[in-house]
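Take the sequence shown: its letters are residues 602 to 978, numbered as in our numbering.
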Amino acid sequence: MSAVEDPDLGEGERVVPWLEHRDAEDEAPVRIPLLHTPFRIGRGPECDFVVHSTKVSKAHAEILLRRSTWIVRDLGSRNGTFVNGERIADARRLRHGDVVHVANKSFSFRSRGAGERHDATLMQTSSGGELAGVRDLVRTLVERRVYAVFQPIVGIRDGIVRAYECLGRSDLHADRVDGARGIVEAFRAASEQGKATELSRLLREVQAADAARLPEDVRLFFNVHPSELREPGQIEGLAGFAATVAPRRTVIEIHENSITDLAAMGRLREQLREHALELAYDDFGAGQSRLMELAEVPPDFIKLDLSIVRGIDASKPRRDLVAALTGVMKDLGIQVLAEGIETEEERAACEEIGCELAQGFLFGRPARIDELQPTLP
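Rendered as structure tokens:
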């Protein structure tokens, strides 16, 4: 059969499109030219590219040229076909740089030669290669390559655990990148791809599954990505999620930089309260703290950023300032939580200025559920 060229390219640019595939993370990519259409991928020997995996159907998906457009189509597979992390129900157009998952196997669709311009979706990352960011994001979403860790929040006077912050980690490239850094890179890529909400929800789902083993009298602090707050039906979704961890009380953490519209924040707070959800402003003091919003739309909790707490015992001016703010917060009925406490001196200083709750390495590092307390069921 004759070679098929990408019709979207101009004269002098035409190349035979190809798929880029790695059998393993540490192996060089294999280029699979799309020399004819349709091009079928599956486990069956009759396919154009055979994948030896029981998760892949015999005839799983096909890539074809239809009306001058490259598309991918699922062939009724058991485990699905995905484009950039989204499962497709019908044919989906392919663009240079898209990542196609055939069950658990990933392929990058390429239609430009070396030196050609690249789409904005192709990101340079420290893990290497222009497609590394989007490829890792897709694997994270499709293969659910995340896990939950929990950090205790204690009463600052007695050290008794009152709550846990539920955090997420990634296990991609665990031999080179720690889980915390991995999830930061995943969110960076997700924000670029418009999938931060999807990643945030995946993390909460994984966290909730483990949180069911925590004591029922603790609060659970969950982070919400700013992009989620703009979506319709989000509060109802959070309420349904909170029901899965009941009777534990749910606190929704929002970064202070998300507080940009006073009226919208007021509506958000009231909607959360209607569903028995509590609100926390996270990383307070890390940027331009919005005191007007704090006064007009007081949350249930303020989490003082570690940049304020770190070394506070050695800075009287900072202690005096935070003590004044803490007094205002208490008058508004807000509980003040000091983050990032690492020393007994920092704890004592935060207690002295009126903080009620504390979080930091002094009381416990983020840990998986099985490592948190040996006595958990």
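The beta-carbon is built from N, C-alpha and C at its ideal position, and this holds for glycine as well.
Note down the Cα distance separating residue i from residue j, rounded to an integer number of angstroms.
i	j	result
GLN794	VAL735	8 angstroms
THR741	ARG644	23 angstroms
SER712	LEU636	12 angstroms
PRO646	LEU676	16 angstroms
VAL846	LEU768	15 angstroms
ALA939	ILE757	9 angstroms
LEU666	ARG694	10 angstroms
SER728	PHE788	Since pLDDT at SER728 reaches only 33, below the 50 mark, its modelled position is unreliable, and no value is offered.
TYR765	ALA968	11 angstroms
GLU744	ALA797	16 angstroms
LEU839	ARG814	20 angstroms
ILE970	GLY698	37 angstroms
ILE836	LEU863	17 angstroms
GLY928	GLU687	48 angstroms
ARG763	LEU958	8 angstroms
TRP619	PHE710	6 angstroms
ASP884	PRO816	26 angstroms
ARG679	LYS656	8 angstroms
ILE642	ALA810	34 angstroms
VAL685	ARG870	For the record, residue 685 in the displayed sequence is Asn; it is not Val. When rounded, the distance between both Cα atoms is 34 angstroms.
ASN824	ILE855	6 angstroms
GLY867	GLY834	17 angstroms
GLU894	THR944	31 angstroms
VAL617	TRP671	12 angstroms
THR638	GLU799	33 angstroms
SER916	ALA950	10 angstroms
ALA924	GLU875	32 angstroms
GLU606	ARG632	Interpretation of GLU606 is limited by its pLDDT of 47, a score under 50 that renders its predicted location unreliable; no figure is taken from the coordinates.
GLY681	PHE964	44 angstroms
LEU905	MET930	12 angstroms
SER707	ASP624	9 angstroms
ALA956	GLU897	It is worth fixing the name first, because residue 956 is Cys in this sequence and not Ala. Rounded to the nearest angstrom, the two C-alpha atoms are 21 angstroms apart.
LEU933	ASP776	47 angstroms
What does DSSP give as the partner residues of residue i in its beta bridges?
i	result
HIS856	ASP883
VAL755	VAL762, ALA959
PHE788	Answer is none; PHE788 lacks a bridge partner.
GLU621	ARG632, SER709
THR851	LEU821
ALA749	GLY769
Taking the Cβ atom as the reference point for each residue, do residue i and residue j lie within a distance shorter than 7 angstroms?
i	j	result
ILE754	GLN936	no
TYR882	PRO899	no
HIS653	VAL703	no
ILE664	PHE683	no
ILE954	ARG920	yes
GLU621	PRO634	no
ILE784	SER771	yes
THR982	ALA843	No answer is possible for residue 982: the residues shown for the chain start at 602 and end at 978.
LEU878	ILE853	yes
LEU738	ALA791	yes
ARG746	LEU773	yes
LEU973	PHE751	yes
ALA749	VAL819	no
ALA692	ARG668	no
What do you reckon, is the C-beta of residue i under 6 angstroms from a heavy atom of the ligand FMN?
i	result
ARG711	Although the ligand FMN was asked about, the structure shown includes no ligands whatsoever.
Inset, instruction - Return the chain-ordered ranges of every beta strand (DSSP E) run that is complete within the region 889-977 and spans a minimum of 3 residues. - result: 902-905, 936-939
Inset, instruction - For the region 829-836 and the region 910-920, state whether three or more C-beta atom pairs, one from each stretch, are separated by less than 8 angstroms. - result: The region 829-836, when compared against the region 910-920, does not touch it at the 8 angstroms Cβ threshold.
Inset, instruction - Please list the segments of the beta strand (DSSP E) lying wholly inside the region 639-709, counting only runs of 3 or more residues, in order along the chain. - result: 640-643, 662-667, 670-675, 682-684, 700-703
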